[in-house]
Structures are given as structure tokens and as C-alpha cells.
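With numbering that gives the first Met the number 0 applied, the sequence shown corresponds to residues 0 to 216, in that order.
Just so you know, even glycine gets a beta-carbon here, dropped at the ideal spot from N, CA and C.
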Amino acid sequence: MIQAPLSGPIRRIAGVDAAFTKTRVVAVATLFSYPELERIEEGIGIRPLELPYIPGLLSFREGPAVLEAIGGLRRSPDLLLFDGQGIAHPRRLGIASHLGVLLDRPTVGVGKTRLTGHADEEDLPRGKGASLPLVEDGEVLGALLRSRKGVRPLYVSPGHRVTVTGAAGWTLACCTRYRLPEPVRRADRAAAQQKAGLQAGVRAPQVLPYARRDSRP
């Protein structure tokens with residue numbers, strides 16, 4: 000993994016999440032324009048569920064479906080936000096780091112719960128944008144970030160080609176009225192909808208475009 004400030008313009012950001020049935024993984028990559036935060040399209044990946052849940056090995060369980068979803072996007076994201084961990088991981092290789100390296104794209108892990116590292120939530124101010132370093136053995140792995148006033152914070156860490164500061168900054172820049180950044184929130188919701196469709200016997204198209212399209216190449 001490389002930790003470095005993002006270079007070049009950021010015009011498209013994708014949020015990535017996955018859901019599971021008893022036999023399949025369904026992943027969704029939702030692409031947004033930036034800074035407008037308007038949805039452009041969604042890519043969907045559906046694969047057989049081949050591994051049980053093993054803490055710390057999420058990328059091996061859902062990675063193939065996630066890669067399929069990202070590959071299904073007609074336009075390439077400049078930055079990917081994953082519902083999961085980056086380097087704030089016991090092996091420093093959460094799904095955002097693992098797939099960021101495979102894709103060689105800037106990635107950020109946006110975790111709803113802590114996997115490793117320490118930050119005292121009681122010391123975190125309740126206002127939006129408040130943050131504390133997430134530290135383990137003297138190493139700063141990410142940030143405990145308050146994305147909305149009064150809600151539980153997020154555990155944000157760089158995946159690949161992003162810094163700790165940048166990971167928190169880009170996550171916050173994509174947060175609107177909700178706890179999760181909008182691309183991740185929409186991917187989470189779409190993955191749940193696709194899961195429900197699979198369970199009902201309805202398979203969705205691989206790419207879901209929206210009426211308002213980003214005209215930039």
C-alpha cells in the first residue's frame with residue numbers, strides 16, 4: 000500500500016458495499032459526480048458465496064463480486080470509498096487496501112465499527128467533523144471521525160494512494176445528512192435491494208444508469 004496525497008482532479012467517487020444471501024454475494028458500486036454528489040450509475044456483481052465469515056478476511060469473501068461491480072461501471076471512479084477497513088486492520092490489509100492495490104486506484108476504508116487501533120470515543124467532540132487519531136503501537140492507522148452531529152463516529156483509514164488526513168477529509172466531504180458518506184450509503188441500500196431481489200428470484204441488470212448523467216468523460 001502507498002500512502003500519498005491524491006493527485007489530479009477528483010470528478011467521480013464510487014461507494015462500494017456488499018450483501019449476502021445463503022449462497023451468493025451481491026456487490027454494488029455506486030458512482031457519483033464530485034463535488035455535486037449526484038448519482039451517475041451503479042455496477043453490480045453477483046458471485047457464489049464460497050467462504051464462511053472469518054474476521055479480518057472480508058476481501059477474500061466479497062472481493063470477486065466487488066471487483067465485478069466496479070468493472071461494470073461505464074466510467075472509472077477517481078476515488079473509491081469502501082464499507083470496510085483500509086490499513087486499520089490487524090494485517091494492515093483491509094478490503095479497501097487489498098482491492099486498492101489490485102486496482103491501483105485511490106481507496107478509503109469507511110468502517111462502521113472498530114477492527115483494530117484505539118481512540119477514546121468519549122474524548123471525541125459531538126460536532127460534525129470532529130476527529131481523533133486511531134492508533135496502535137504508536138502507529139496512526141486512521142481516524143475516529145464524527146460525520147454528523149451527535150451520531151456514532153466512523154472508523155476511517157486510507158486504503159491505497161491516500162493519506163490518513165485525506166481519508167478523513169474525503170469521507171467528510173461526501174457526507175450529507177447521514178452518518179455514512181453518500182456514495183457508501185447508496186451502495187449499502189442498493190446492495191440490500193439487490194439481495195431482496197435475488198431472494199425473490201429476480202436478477203437485476205448488471206449496470207443501472209440514472210436519468211441525470213455526468214457528461215464528462
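Which residue wins for smallest C-alpha separation from residue i, given the options the options?
i, options, result
"Met-0", "Ile-43, Ala-87 and Gly-200", "Ala-87"
"Leu-301", "Gln-2, Val-161 and Gly-126", "Summary: the structure shown does not reach residue 301, with the chain confined to residues 0 through 216, and so no result is reported for it."
"Glu-41", "Leu-197, Gln-193, Gly-116 and Gln-198", "Gln-193"
"Thr-175", "Lys-148, Arg-46, Ala-190 and Glu-61", "Lys-148"
"Gly-71", "Thr-20, Gly-7, Ala-28 and Gln-84", "Ala-28"
"Glu-37", "Gly-128, Gly-85 and Ala-13", "Ala-13"
"Glu-237", "Tyr-33, Gly-7 and Asp-136", "Nothing can be reported for residue 237: it is not among the residues displayed for the chain, which extend from 0 to 216."
"Val-109", "Pro-89, Asp-136, Ser-146 and Gly-126", "Ser-146"
"Gly-116", "Arg-125, Leu-98, Arg-74 and Asp-136", "Asp-136"
"Cys-173", "Ala-189, Lys-127, Ala-118 and Val-134", "Lys-127"
"Ile-43", "Val-15, Ala-26 and Gly-55", "Ala-26"
In its own chain, which residues sit with a C-beta less than 7 angstroms from the C-beta of residue i, not counting the 5 before and 5 after it?
i, result
"Glu-49", "none"
"Leu-144", "Ser-130, Pro-152, Leu-153, Val-155, Ala-167, Thr-170 and Leu-171"
"Phe-59", "Leu-50"
"Pro-198", "The sequence given here has Gln at residue 198, not Pro. Closer than 7 angstroms at Cβ, skipping near neighbours: Thr-20."
Rounded to whole angstroms, how far is the Cβ of residue i from the Cβ of residue j, which I believe are closer than 8 angstroms?
i, j, result
"Phe-81", "Ala-95", "4 angstroms"
"Leu-102", "Gly-83", "Not quite, the Cβ-Cβ distance comes to about 14 angstroms (not below 8 angstroms), so this is no contact."
"Ile-45", "Ala-17", "Not really, about 10 angstroms apart at Cβ, beyond 8 angstroms."
"Pro-300", "Arg-11", "Lying outside 0 to 216, the shown extent of the chain, residue 300 is not represented and no answer is given."
"Gly-165", "Leu-5", "6 angstroms"
If you drop the 5 nearest sequence neighbours on each side, which residues of the same chain put their C-beta closer than 6 angstroms to that of residue i?
i, result
"Arg-113", "Tyr-154"
"Arg-184", "Tyr-177"
I'd like the list of long-range same chain contacts for residue i, defined as Cβ closer than 8 angstroms, with 5 residues on each side in sequence excluded.
i, result
"Val-163", "Gln-2, Pro-132, Val-139, Leu-140, Gly-141, Ala-142, Ser-156 and Pro-157"
"Pro-8", "Asp-77"
Per DSSP, which residues does residue i bridge with? Please list them.
i, result
"Arg-46", "Val-24"
"Asp-16", "Val-27"
Note to self: At 4 residues or longer, what runs of the alpha helix (DSSP H) sit wholly inside the stretch 40 to 118?
What the structure shows: 57 to 70 and 94 to 102
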